[in-house]
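For reference, the structure discussed in these notes is given below.
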Amino acid sequence: MSEFSRRRLLGTSVAALGVVGLGAAGAGVAAAAREPERMGTRTVPFDGDHQAGIDTEPQAFAAFVALDLHPEVDRSALIGVMKVWVADARRLTRGEPALGDTEPELAVDPARLTVTVGYGPAVFDAAGLAAQRPTWLRPLPAFSVDRLEDRWSGGDLLLQVCADDPMVVSHTVRTLIKSVRSRATVRWTQRGFRHAVGTRPDGMTMRNLMGQVDGTVNPDPATPDFARQVWNTGEPAWLAGGTSLVLRRIRMELDTWDELDPPARDLVMGRRQSDGSPLTGSDEFDDADFDALDANGLEVIPPQSHVARARPRHGDERFLRRGYNYDDDGVGLLFAAYQADVDRQFVPVQRRLDEFDALNTWTTPVGSAVFVLPPGCGPDGYPGDRLLDG
């Protein structure tokens, strides 16, 4: 090849590279201008009067982990577990690696991470504090619809880990569990999901895997009744500002649910699948009229429908719900209910649903657990310090 030809070829190549470079730079500027807000940097404070992850706006992903204490664990060992967990949780929720974090890169973007701690009945025996156990802290009464499995039920300690990024949830669960392996063993882990952040308008009610709007009638943290319905007032005294968690794993029979047409589904639920509105209304948040009759003199909302059976008969039958879908080992809903008193609030509603609920044909509870969630704490404390340090 002649020198002229080589120079011409090289000159053409350099010019082409320059055009490509300018194009890439221009694309980079345009991309920077269009870069969306980084949701991962958002944080939720760990410390406070109440534990985070209860009245927090629900995140997109959750893991509920139950652990069984080793036989030799006593009050001193329990305090040690809590202090280790809290030290790591404070750091992780701020977007900082846990102490001794082997994957610190995964802690950078907390994505509204919350870590909530719960105690099962055995904690009080291990700590020698059986007299301080709330009267409702025990397995739920037996219900005829239940087909409970040990692998989804019970537990001595609970970790509820929620975030808007499943990577954050997974890293946090692993970090917290491996730090207490000498004191406790994982009994079960249940992971759930809601709609991903940004896919729906803020504040829109989630849908479950049956396609139903799920969680419309929920106490509003901005109302005076919320505190009475969710936060314990001090029975026993150390629990003031805490609450309880009933976690139910509810399997859905989607294959047979698919056989129902939309009108039949609406009658089972008492709400329209299309928009979540009650059969007597036109908007999701319209009050249901359970006395309304159709032209044939029949109730518009069937008395055996799910919404009719589940509706509170009085204020004490209301509680806060955070539902999460699951599709591992079956398909269904992780139904998390938070209330000041399980016996007074949750159990009466569940008894009505057990007696008869049209939805029971397509749903089966396969897991159940009850935990007390201690109040929040200050920067030098941990959830449950009023109990264990007292």
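The opening residue of the sequence shown carries number 73 in my numbering; numbering runs sequentially from there.
Note that beta-carbon positions come from the ideal geometry of N, C-alpha and C, so glycine has one too.
Length of the line joining the Cα atoms of TRP329 and ALA124: Between TRP329 and ALA124, the C-alpha separation is close to 36 Å.
First and last residue of the uninterrupted alpha helix (DSSP H) at GLY152: Where GLY152 is concerned, the enclosing alpha helix (DSSP H) starts and stops at 147 to 165.
Neighbourhood of THR186 by C-beta distance below 6 Å, restricted to the same chain and skipping five residues each side: Once the five neighbours on either side are set aside, the close Cβ partners of THR186 are VAL116, ALA124, GLY125, THR128 and CYS234.
Buried or exposed (CB count within 10 angstroms, at least 16 for buried), ASP181: ASP181 comes out buried.
SER242: first and last residue of the uninterrupted alpha helix (DSSP H) it sits in: It spans 238 to 250 - the alpha helix (DSSP H) in which SER242 sits, taken as one unbroken run.
Boundaries of the alpha helix (DSSP H) in which VAL340 is found, first to last residue: Where VAL340 is concerned, the enclosing alpha helix (DSSP H) stretches over 334 to 341.
Environment of ASP429 [buried if 16+ CB atoms lie within 10 Å]: The residue in question, ASP429, is buried, as its Cβ has 16 or more Cβ neighbours within 10 Å.
DSSP bridge partner residues for GLU371 (one or two, in chain order): Answer by DSSP bridge pairing, in chain order: LEU365.
Cα-Cα separation, GLU168 to ALA179: So the two alpha carbons sit approximately 6 Å from each other.
Check whether LEU281 and PHE136 have beta carbons under 8 Å apart: For LEU281 and PHE136, no; Cβs fall outside 8 Å.
Which of helix, strand or coil DSSP assigns to ASN304: Of the three classes helix, strand and coil, the one that applies to ASN304 here is coil, per DSSP.
Residues near HIS386 in its chain [Cβ-Cβ closer than 8 Å; skip 5 each side]: Within the same chain, HIS386 has no close Cβ partners at all.
Sufficient close CB pairs (3 or more, under 8 Å) joining the region 225 to 233 to the region 187 to 205: Judged by Cβ distances under 8 Å, the region 225 to 233 makes contact with the region 187 to 205, as three or more pairs qualify.
Beta-carbon spacing of GLY342, ALA380 below 8 Å: Taking 8 Å as the Cβ cut-off, GLY342 and ALA380 qualify as a contacting pair.
Cβ-based burial, GLY456 [other Cβ within 10 Å; buried from 16]: Around the beta carbon of GLY456, 16 or more other beta carbons lie within 10 angstroms, which makes this residue buried.
Extent of the continuous alpha helix (DSSP H) to which GLN232 belongs: Premise fails: GLN232 lies in the beta strand (DSSP E), 229 to 235, not in any alpha helix (DSSP H).
Inter-residue Cα distance where the pair is GLU175 and TRP208: If you take the alpha carbons of GLU175 and TRP208, they lie about 40 Å apart.
GLY120 versus ASP388: straight-line alpha-carbon distance, rounded: Note on geometry: alpha-carbon atoms of GLY120 and ASP388 lie some 26 Å from one another.
CA-to-CA distance, PHE407 to ARG321, given in whole angstroms: So the two alpha carbons sit approximately 6 Å from each other.
Terminal residues of the beta strand (DSSP E) in which GLN204 lies: Per DSSP, GLN204 is not a residue of any beta strand (DSSP E), being assigned neither H nor E.
Which listed residue (THR247, GLY314 and MET278) has its alpha carbon closest to that of ARG394: Nearest C-alpha to ARG394: MET278.
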